[in-house]
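Residues in the sequence shown are numbered from 1 upward in steps of one, following the working numbering.
All residues carry an ideal CB built from backbone N, CA and C; glycine is no exception.
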Amino acid sequence: MQPSISEQTQFYNQYWSGLKPFGSYKVARIIKILEYLNVICKTKKKPEILDLGCGDGRCVAIWNEFGRACGLDLSDEAMGAAKNRYPFLEFSYGDATASRFPDASFDVVVSQEVIEHIESQKLYVSECCRLLRDKGFLVLTTPN
Numbered sequence: 001m002q003p004s005i006s007e008q009t010q011f012y013n014q015y016w017s018g019l020k021p022f023g024s025y026k027v028a029r030i031i032k033i034l035e036y037l038n039v040i041c042k043t044k045k046k047p048e049i050l051d052l053g054c055g056d057g058r059c060v061a062i063w064n065e066f067g068r069a070c071g072l073d074l075s076d077e078a079m080g081a082a083k084n085r086y087p088f089l090e091f092s093y094g095d096a097t098a099s100r101f102p103d104a105s106f107d108v109v110v111s112q113e114v115i116e117h118i119e120s121q122k123l124y125v126s127e128c129c130r131l132l133r134d135k136g137f138l139v140l141t142t143p144n
C-alpha cells in the first residue's frame with residue numbers, strides 16, 4: 001500500500017533535512033541534463049524550466065543559467081530551505097501529480113529520479129504533458 005501524501009511529505013522532509021554533497025552519479029546526471037539544455041536552448045531561447053521534484057533546489061539554480069527555472073517538491077521543508085538559499089528563484093510545495101501551475105506553463109520539465117517514487121506514473125507523465133507548452137521538452141531520468 002502506497003503511503004499517503006502526508007506520510008510521503010514527512011519522509012521527504014526528513015530526507016532533505018541537511019545539505020548532502022552531490023555524489024558522482026548525480027554529477028554525471030546533471031552533466032547529461034546540461035547537455036540536453038544546451039541543445040534545447042538552440043531552438044528555445046531563455047526557456048521556462050520546471051524542476052518537478054526538485055529536492056533541495058540546487059539544480060534549479062543550475063537550470064536557471066539557461067532560462068527562468070523554478071522548482072516544486074513534496075517536501076515543504078526542502079522548499080523552505082531552497083527559498084532561503086536561493087531567494088531569487090521560485091519554489092513551490094506540492095504534489096507532482098497535481099500541481100497548481102496553469103496548463104502549458106513551461107518549455108522544459110526536468111524530472112530527476114522522481115517517477116519511480118510515484119504510485120500512478122501515468123498520472124505523473126500526464127501532469128508533465130499538461131505543464132508543457134507545444135513542442136516542449138520532458139527531461140526524465142530514473143535509475144530503474
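Nearest-angstrom beta carbon gap, D51 and I67 [assumed within contact, 8 Å]:
Counting from one through the sequence shown, the residue named residue 67 turns up at place 67. Counting from one through the sequence shown, the residue named residue 51 turns up at place 51. This sequence places Gly at residue 67; Ile is not what is there. Rounded, the Cβ-Cβ distance is 12 Å, inconsistent with contact.
With a threshold of 6 Å on Cβ separation, who are the neighbours of K135 within its own chain once the five nearest residues in sequence on each side are excluded?
Against the sequence shown, residue 135 aligns to sequence position 135. Taken in chain order, the list of residues that qualify is empty.
Buried versus exposed call for G55 [16 or more other C-beta atoms within 10 Å across all chains shown]
Working through the sequence shown from its first residue, we reach residue 55 at position 55. Buried, because 16 or more other Cβ atoms sit within 10 Å of the Cβ of G55.
Which residue marks the beginning of the beta strand (DSSP E) containing G55, and which one marks its end?
Position 55 of the sequence shown, counted from the first residue, corresponds to residue 55. Looking at the DSSP string, G55 is not in any beta strand (DSSP E), and its letter there is neither H nor E.
Rounded straight-line distance, which links the Cα of K20 to that of K26
Here residue 26 refers to the residue found at position 26 of the sequence shown. Here residue 20 refers to the residue found at position 20 of the sequence shown. K26 and K20: Cα-Cα distance of roughly 11 Å.
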